[in-house]
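Engineer:
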Amino acid sequence: MSEQEIAAINLAALQSNDPILYRQILAVTELDHHSGFRYESIALARNGSPVPVYSDGSASHSLFNPEREASNLIDTVTETGFAFFAGIGGAFHIRDFLSRDSSRACIASEASAESLASLLRLIDLSDIIADARVTIVVDCASSASVGALDSRYLPALHGNFRFIPLRSWQERNRQTCECYAKLVEVSLSRISADYSVQAHFGKIWLRNSLINLALASKIQGSFPLVDTHKKAIVVAAGPGLENELERVKRSRNSLVLFSTDTAWNTLADSGIIPDFFVSIDAQAVSASHVMRTFDKRMTVILDLCGNPAIARKAHEDGASVIFASGMHPFAQKAALFSPLPLINTASGTVTLSAIDAAFSLGFSDIESIGADFAYTGGKPYARGTYLSHTFGSTGTRVLPLETLFSTLMFRTPVGTRNVLGTITYTTETLDRYARSFSDYQGQNRWKQSDFAFFPFGEFLGKYREELQGLLSATRPDPEILYSILPLAAWLSRSGRYNYCVKSADGKPQNKLAGVIELALELIAGYTVES
Numbered sequence: 016m017s018e019q020e021i022a023a024i025n026l027a028a029l030q031s032n033d034p035i036l037y038r039q040i041l042a043v044t045e046l047d048h049h050s051g052f053r054y055e056s057i058a059l060a061r062n063g064s065p066v067p068v069y070s071d072g073s074a075s076h077s078l079f080n081p082e083r084e085a086s087n088l089i090d091t092v093t094e095t096g097f098a099f100f101a102g103i104g105g106a107f108h109i110r111d112f113l114s115r116d117s118s119r120a121c122i123a124s125e126a127s128a129e130s131l132a133s134l135l136r137l138i139d140l141s142d143i144i145a146d147a148r149v150t151i152v153v154d155c156a157s158s159a160s161v162g163a164l165d166s167r168y169l170p171a172l173h174g175n176f177r178f179i180p181l182r183s184w185q186e187r188n189r190q191t192c193e194c195y196a197k198l199v200e201v202s203l204s205r206i207s208a209d210y211s212v213q214a215h216f217g218k219i220w221l222r223n224s225l226i227n228l229a230l231a232s233k234i235q236g237s238f239p240l241v242d243t244h245k246k247a248i249v250v251a252a253g254p255g256l257e258n259e260l261e262r263v264k265r266s267r268n269s270l271v272l273f274s275t276d277t278a279w280n281t282l283a284d285s286g287i288i289p290d291f292f293v294s295i296d297a298q299a300v301s302a303s304h305v306m307r308t309f310d311k312r313m314t315v316i317l318d319l320c321g322n323p324a325i326a327r328k329a330h331e332d333g334a335s336v337i338f339a340s341g342m343h344p345f346a347q348k349a350a351l352f353s354p355l356p357l358i359n360t361a362s363g364t365v366t367l368s369a370i371d372a373a374f375s376l377g378f379s380d381i382e383s384i385g386a387d388f389a390y391t392g393g394k395p396y397a398r399g400t401y402l403s404h405t406f407g408s409t410g411t412r413v414l415p416l417e418t419l420f421s422t423l424m425f426r427t428p429v430g431t432r433n434v435l436g437t438i439t440y441t442t443e444t445l446d447r448y449a450r451s452f453s454d455y456q457g458q459n460r461w462k463q464s465d466f467a468f469f470p471f472g473e474f475l476g477k478y479r480e481e482l483q484g485l486l487s488a489t490r491p492d493p494e495i496l497y498s499i500l501p502l503a504a505w506l507s508r509s510g511r512y513n514y515c516v517k518s519a520d521g522k523p524q525n526k527l528a529g530v531i532e533l534a535l536e537l538i539a540g541y542t543v544e545s
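Counting from 16, one number per residue, gives the positions in the sequence shown under my numbering.
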């Protein structure tokens, strides 16, 4: 085939699989005259395979048997489920990697759009381009490349990860290869943190969501009627809250208060009743925030993954309860089945979720107090939080309140900074919360149609069928697949989920079988409980 015919085949596959990259390649001009790295021609290996040749005359793969060379390379990463390939060349190594397990996936990178364009006119890579398991990136500094690994690599599904440079390509693109390696390092840090949270909470998230959806079929609140011309105050439980309580009391009638779960007791101790109470915490300890009675004028906004005990207590006390869908994929799937108000829980801090709730209700003037995101004044929380009550009741002469709080503050590595002559302590988690707080941009506004009783029975019947369909699906629906990945992470951490299970004939079994079975058990058990 001519270069034009080869390019047409590759571009047709690219247009179908990645329209944005397709347009980038079309925009490349004067292909043969650019000064960057490129592929120049094709050489036939001794076994007849076409091997791309770089502009310096060197072959990208072995000219004896490139398939064997690729096989030897992939033999070193047999337990890898996801790879980042730096350098595509003839893609022999990529094909070999994908051929060994249908659940494998990868990112394949090139030095630039120009270098990829030069390659696409020389060799037919349409099978790689069209494979849904393959994502191609061409610029390590672009937002597409930065986000590709975060969104494509799913540890609960893929297992181990490897960065695999094509040696000949790496030698000619050292800076670019180092750039991709750094991108991978940063992305893996984020993915690892997220996976760690999923592995810890995966089961309880699904459990809570099932129970809360069942409750939402009976007690879902209506769209709150509030005066959005007033200032919305989001109340967090940082030490700085203590300095704001008197101001809030003086201006109470001109404010709409959104209290985070941890701050409610502090407000109540000062005789302040918030309008809204927001909670996203899945843990049982979150019930400690609601030991006192909810005022009937309050509205509780609870993430579907939150502790159902909070919703039950609020309903029993006569408060209104709103179940909102956070960022958990199962909750989002439920919201697609039947409308639910959406709430931003991506940061993991309830303060930002409360701000998002205020924005979603239509407030434009929003202020936060107590959002220190640091241990200021040598304290982790304001007076009056449940920890203050708990530690205050358990403190002794040999283990006083100060020691208990110090143990809490320094349980993980801390950083320090001097603020007006006073040492303030921070942690990596608090710094991450602060960055999320600074970067927040409201996007969602709630509508009347978001508030309706959830059709739990109908949803559950459909979801059961979809889960069972995953067992035989060759191309599983991403929504169904993603909905159980946090549970898969938890199951993997528990030691009950083995990525490398083999059947009697030695072939990989469906890696999701154990996760699907557990999900179906949870559905059966917790729906009865609810």
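Beta carbons: idealized from backbone N, C-alpha and C, even for Gly.
1. Can you tell which of Ala349, Ser266, Trp220, Ile495 has the C-alpha that lies nearest to the C-alpha of Gly472?
2. So, using beta-carbon positions, are Gly15 and Ala247 closer together than 8 angstroms?
3. Where does Val271 sit, in a helix, a strand or coil, going by DSSP?
4. Tell me whether His244 is buried or exposed, calling it buried when 16 or more other Cβ atoms sit within 10 Å of its Cβ.
5. Sorted by chain position, which residues of the same chain lie with C-beta nearer than 7 angstroms to Ala346's C-beta, five sequence neighbours on each side aside?
6. Where Gln458 and Ser368 are concerned, what is the direct C-alpha to C-alpha distance, given to the nearest angstrom?
7. Round the Cβ separation of Leu317 and Ser303 to the nearest angstrom and send it over; I've been treating them as touching at under 8 angstroms.
8. Is the beta carbon of Ile89 less than 8 angstroms from the beta carbon of Glu125?
9. Once the 5 residues before and after Ala324 are set aside, which same chain residues still bring their CB inside 6 angstroms of it?
10. Using only the alpha-carbon positions, how far apart do Lys218 and Leu502 sit?
11. Specify the secondary structure class of Pro170 as computed by DSSP and reduced to three states.
12. Skipping 5 residues on each side, what residues in its chain have a beta carbon closer than 7 angstroms to that of Ile370?
13. If we ignore side chains and look at the alpha-carbon of each, how far apart do Asp209 and Glu20 end up?
14. State the start and end residues of the unbroken beta strand (DSSP E) segment that holds Phe79.
15. Does Ala329 come out as helix, strand or coil in the three-state DSSP assignment?
16. Looking only at its chain, what residues have a beta carbon closer than 6 angstroms to the beta carbon of His343, apart from the 5 residues adjacent to it on each side?
17. Consult DSSP for Phe466 and reduce its assignment to one of helix, strand or coil.
18. Where does the unbroken beta strand (DSSP E) through Ala123 begin, and where does it stop?
19. Opposite Ala27 in the DSSP bridges: which residues?
20. Quick check on Lys233: buried or exposed, where buried means 16 or more other Cβ atoms within 10 Å of its Cβ?
21. Report the partner residues of Phe292 according to the DSSP bridge assignment.
22. Excluding sequence positions up to five away, which residues of its chain have a Cβ less than 8 angstroms from the Cβ of Ser130?
23. How would you label Val300, buried or exposed, when you count the other beta carbons within 10 angstroms and need 16 or more for buried?
24. Please report the straight-line C-alpha distance between Gln39 and Gly333, rounded to a whole angstrom.
25. Could you say if the region 64 to 80 and the region 166 to 176 meet the contact criterion of at least three C-beta pairs nearer than 8 angstroms?
26. Note down, in chain order, each residue of its chain lying with its Cβ closer than 6 angstroms to the Cβ of Thr191, except the 5 sequence neighbours on either side.
27. May I ask you to list the residues that DSSP assigns as paired with Arg177?
28. Going by DSSP, what residue range makes up the beta strand (DSSP E) through Pro344?
29. Assign Val201 to one of two classes, buried (16 or more other C-beta atoms within 10 Å of its C-beta) or exposed (fewer than that).
30. Could you tell me which of Arg177, Leu482, Arg205 sits nearest to Val161, measuring between CA atoms?
31. State yes or no: is the C-beta of Leu500 within less than 8 angstroms of the C-beta of Leu485?
32. Work out the CA separation of Lys477 and Leu272 for me, nearest whole Å.
33. Leaving aside the five residues before and after Ala467 along the sequence, list all residues of the same chain whose C-beta is less than 8 angstroms from its C-beta, in chain order.
34. Taking Glu494 as the reference, give the member of Ile226, Glu481, Val212 with the closest Cα.
Structural biologist: By the coordinates alone:
1. Ala349
2. No answer is possible for residue 15: the residues shown for the chain start at 16 and end at 545.
3. Reduced to three states, the DSSP call for Val271 is strand.
4. It is exposed - the Cβ of His244 has fewer than 16 other Cβ atoms within 10 Å.
5. Short of 7 angstroms from the beta carbon of Ala346, and not among the five residues preceding or following it, lie these beta carbons of its own chain, in chain order: Ser224, Leu319, Cys320, Ser340.
6. 12 angstroms
7. Actually they are not in contact, since the Cβ atoms of Leu317 and Ser303 sit about 15 angstroms apart, beyond 8 angstroms.
8. no
9. Shown here for Ala324: same chain residues with a beta carbon closer than 6 angstroms to its own, the five before and five after excluded, namely Ala302 in chain order.
10. 5 angstroms
11. helix
12. Val249, Ile381, Ser383, Tyr455
13. 44 angstroms
14. Phe79 -> no beta strand (DSSP E), and no H or E assigned at all.
15. Note: Ala329 maps to helix in three-state DSSP.
16. For His343, the CB contacts under 6 angstroms within the same chain, skipping 5 residues up- and downstream, are Trp220, Cys320 in chain order.
17. coil
18. Annotation: the continuous beta strand (DSSP E) that includes Ala123 extends over 120 to 124.
19. None, per the DSSP bridge assignment.
20. exposed
21. Ser274, Val315
22. Gly51, Phe52, Arg53, Tyr54, Val153
23. exposed
24. 58 angstroms
25. No, the region 64 to 80 does not touch the region 166 to 176.
26. Ala126
27. Ala98
28. Element bounds for Pro344: not the beta strand (DSSP E) but the alpha helix (DSSP H), 344 to 352.
29. exposed
30. A check of alpha carbon separations from Val161 across Arg177, Leu482, Arg205 identifies Arg205 as the nearest.
31. In this structure, Leu485 does not lie closer than 8 angstroms to Leu500 by Cβ.
32. The straight-line gap separating the alpha-carbon atoms of Leu272 and Lys477 is approximately 39 angstroms.
33. Sequence-distant Cβ neighbours of Ala467 in its own chain, meaning closer than 8 angstroms and more than five residues away, are Gln235, Ser353, Pro354.
34. Glu481
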